[in-house]
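Student: Just so you know, we're using numbering that gives the first Met the number 0 here: the sequence shown kicks off at 0 and counts up by one.
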Amino acid sequence: MIASRARFRNIKKLQRAAGYKLPDGAFHPANLEAIGGSMNIDSLDPSTREQVLNFYKDFLDCKCKDSPLCGCPERKFVICILELREMGLNHKDIHRHLLDEYGIDLFPADILSFLEESVHLMEAIRSVADLAGEKELVDKSDEHIKGIAR
Numbered sequence: 000m001i002a003s004r005a006r007f008r009n010i011k012k013l014q015r016a017a018g019y020k021l022p023d024g025a026f027h028p029a030n031l032e033a034i035g036g037s038m039n040i041d042s043l044d045p046s047t048r049e050q051v052l053n054f055y056k057d058f059l060d061c062k063c064k065d066s067p068l069c070g071c072p073e074r075k076f077v078i079c080i081l082e083l084r085e086m087g088l089n090h091k092d093i094h095r096h097l098l099d100e101y102g103i104d105l106f107p108a109d110i111l112s113f114l115e116e117s118v119h120l121m122e123a124i125r126s127v128a129d130l131a132g133e134k135e136l137v138d139k140s141d142e143h144i145k146g147i148a149r
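(1) Measuring CA to CA, which of Pro45, Asn53 and Asp44 is closest to Ile34?
(2) Report the residue from Ala17, Asp141 and Pro45 whose alpha carbon sits nearest the alpha carbon of Ser37.
(3) Taking Ala108 as the reference, which of Gly102, Tyr101 and Glu116 has the closest Cα?
(4) Go ahead and pull the three-state DSSP assignment for Phe113.
(5) For Asp23, which residues in the same chain have their Cβ closer than 7 angstroms to its Cβ, ignoring the five residues on either side in sequence?
(6) What are the boundary residues of the alpha helix (DSSP H) that includes Asp99?
(7) Could you give the first and the last residue of the continuous alpha helix (DSSP H) run that contains Arg15?
(8) Along the chain, where does the alpha helix (DSSP H) that runs through Cys79 open and close?
(9) Tell me whether the region 37 to 47 and the region 131 to 139 touch, counting them as touching only if at least three CB pairs, one residue from each stretch, are closer than 8 angstroms.
(10) For Gly71, which option in Cys79, Leu59, Leu81 and Arg48 has the closest C-alpha, if you only look at C-alpha atoms?
(11) Please name the residue, chosen from Tyr55, Glu49, Leu68 and Ala2, that lies closest to Ala29 on a Cα-to-Cα basis.
(12) Using the three-state DSSP reduction, which class does Gly132 fall into: helix, strand or coil?
(13) In the DSSP output, which residue or residues are listed as bridge partners for Gly24?
(14) Spatial neighbours of Lys25 within its chain, please: C-beta separation below 7 angstroms, excluding the five flanking residues on both sides.
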């Protein structure tokens with residue numbers, strides 16, 4: 000999954016704010032729990048603090064009982080990438096946005112591969128929906144395929 004490839008660019012700063020060593024994977028459970036609770040974000044520089052707050056607001060804010068280890072952060076991240084693509088950003092633009100907005104470093108090639116896989120998955124969903132006579136789902140699938148594959 001694409002979320003497992005996402006890394007925090009400023010992990011050393013986050014480790015200092017947490018007070019202990021953290022893995023660099025942005026969606027690693029230790030990072031999710033630290034950002035969701037024990038991290039002293041006030042000790043971060045303004046830019047990094049804003050990125051951490053954006054990360055929390057956009058990916059960790061959920062009402063699940065098992066939050067933040069419920070899978071919602073990873074799903075929200077996937078949706079974020081797909082929405083950015085459907086807004087017209089290419090894989091390099093998405094990389095820059097993730098780095099600027101959240102401090103997440105993700106190789107543009109990984110983003111491109113993920114988008115290609117997403118198109119193939121949507122085509123499969125479209126085919127099954129077509130066989131099942133689900134016209135509305137076929138139309139939605141076509142719309143998303145066009146938005147991602149452009």
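Each residue gets a CB set at the ideal place from its N, CA and C atoms; glycine is no exception.
Tutor: Reading off the structure:
(1) Residue Asn53 is the option with its Cα nearest to Ile34.
(2) Selected option, being the one with the closest Cα: Ala17.
(3) With respect to the C-alpha of Ala108, the residue from Gly102, Tyr101 and Glu116 having the closest C-alpha is Glu116.
(4) If DSSP states are grouped into helix, strand and coil, Phe113 belongs with the helices.
(5) Once the five neighbours on either side are set aside, the close Cβ partners of Asp23 are Arg6, Phe7 and Ile10.
(6) Following the DSSP letters along the chain, one finds Asp99 inside the alpha helix (DSSP H) bounded by residues His90 to Tyr101.
(7) Run containing Arg15: Ile10 to Ala17, per the alpha helix (DSSP H) assignment.
(8) In the DSSP assignment, Cys79 falls within the alpha helix (DSSP H) that extends over Cys71 to Glu85.
(9) No contact exists between the region 37 to 47 and the region 131 to 139.
(10) Rather than Gly, the amino acid found at residue 71 in this sequence is Cys. Here the closest residue by C-alpha is Leu59.
(11) The shortest CA-to-CA distance from Ala29 to any of Tyr55, Glu49, Leu68 and Ala2 is the one to Leu68.
(12) Shown here, Gly132 sits in coil according to DSSP, grouped into three states, outside any helix or strand.
(13) Answer is Arg6.
(14) Rather than Lys, the amino acid found at residue 25 in this sequence is Ala. The beta carbon of Ala25 sits closer than 7 angstroms to those of Ala5, Arg6, Phe7 and Ile103, all from its chain and outside the five residues before and after it, given in chain order.
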